[in-house]
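S.K.: Take this structure, written in structure tokens, and hold onto it; I'll ask about it next.
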Amino acid sequence: QFLGRHGVTPTSQRLDVGEVIFSKPQHLSAEQVITATRVAGSRVSKATVYNTLNLFCEKGLVRTVNVDPERQFYDPTILSHHHFFNVDTGELTDIPMEGLSLDVKRELPPGTEQVGIEVVIQVRDQSPE
């Protein structure tokens, strides 16, 4: 029903991907979704996972978070928020909007207006002292 309400035909493969991505608040790469669907017993193909994730993005069900040019995560929390990305562990965690204050209005190029903002702060584990 959830997928159908958003204009997505609920095929068995899409339901399998949806069960993984929407099961809890989490940030997964496409490869992690593929692994999780296979662990759950699904035989969904790699191409179908990528196509389904792209469809979910188009329909506004998930959003992408790019942490660097080679890595993209899918986030089922579509409300505006920011992220910490741990470069050592590869973990992406949410920062609530109220947890980070940015005032960029003074820095906007002339003739433009801010329509959104998304910040990914890269962190690493502290070295033991």
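Our numbering runs 1 ahead of the 1-based position in the sequence shown.
Cβ coordinates follow ideal geometry from the N, Cα and C atoms, glycine included.
Helix, strand or coil: which one does DSSP assign to ILE118?
M.R.: The count along the sequence shown starts at 1 and reaches residue 118 at position 117. Note: ILE118 maps to coil in three-state DSSP.
S.K.: So, do the stretch 24 to 39 and the stretch 76 to 86 have three or more beta carbon pairs nearer to each other than 8 Å?
M.R.: They touch, by the three-pair rule.
S.K.: Hey, could you find the ends of the beta strand (DSSP E) PHE74 is sitting in?
M.R.: One-based indexing of the sequence shown puts residue 74 at position 73. Taken as a continuous stretch (DSSP letters only), the beta strand (DSSP E) holding PHE74 covers 72 to 76.
S.K.: Among VAL120, SER46 and SER102, which residue has its Cα nearest to the Cα of ASP95?
M.R.: Counting from 1 along the sequence shown, the entry for residue 95 is found at position 94. Checking every option, the nearest Cα to that of ASP95 belongs to VAL120.
S.K.: Going by the beta-carbon positions, is the gap between PHE57 and VAL50 smaller than 8 Å?
M.R.: By one-based count along the sequence shown, residue 57 stands at place 56. By one-based count along the sequence shown, residue 50 stands at place 49. The answer is no: Cβ separation not under 8 Å.
S.K.: Please report the straight-line C-alpha distance between LEU109 and GLN115, rounded to a whole angstrom.
M.R.: For the purposes of this step, residue 109 is taken as residue 108 along the sequence shown, with counting starting at 1. For the purposes of this step, residue 115 is taken as residue 114 along the sequence shown, with counting starting at 1. Looking at the two C-alpha atoms, the distance is approximately 8 Å.
S.K.: Taking the alpha helix (DSSP H) that PHE3 belongs to, which residues open and close that run?
M.R.: Residue numbering aside, residue 3 sits at position 2 when the sequence shown is read from its first letter. Looking at the DSSP string, the run of the alpha helix (DSSP H) that includes PHE3 is 3 to 6.
S.K.: Which residues in the same chain as GLN123 place their Cβ atom closer than 6 Å to its Cβ, once the five residues preceding and following it in sequence are excluded?
M.R.: By 1-based counting over the sequence shown, the position of residue 123 is 122. PHE86 and VAL88.
S.K.: Tell me the start and end of each unbroken alpha helix (DSSP H) in the stretch 32 to 92 that is at least 4 residues and wholly inside, in chain order.
M.R.: Complete alpha helix (DSSP H) runs here, min 4: 47 to 59.
S.K.: Can you tell me which of GLN73, LYS60, LEU101 and SER128 puts its alpha carbon nearest to the alpha carbon of PHE3?
M.R.: Taking the sequence shown and counting its residues from 1, the one referred to as residue 3 is at position 2. Ranking GLN73, LYS60, LEU101 and SER128 by Cα distance to PHE3 puts LYS60 first.
S.K.: My output table needs one value for ASP126: the three-state DSSP class, helix, strand or coil.
M.R.: On the sequence shown, position 125 is the one that residue 126 refers to. Coil.
S.K.: Can you tell which of HIS84, GLY112 and THR90 has the C-alpha that lies nearest to the C-alpha of LEU101?
M.R.: The sequence position of residue 101 within the sequence shown is 100, counting from 1. Ranking the options by Cα distance to LEU101, first place goes to HIS84.
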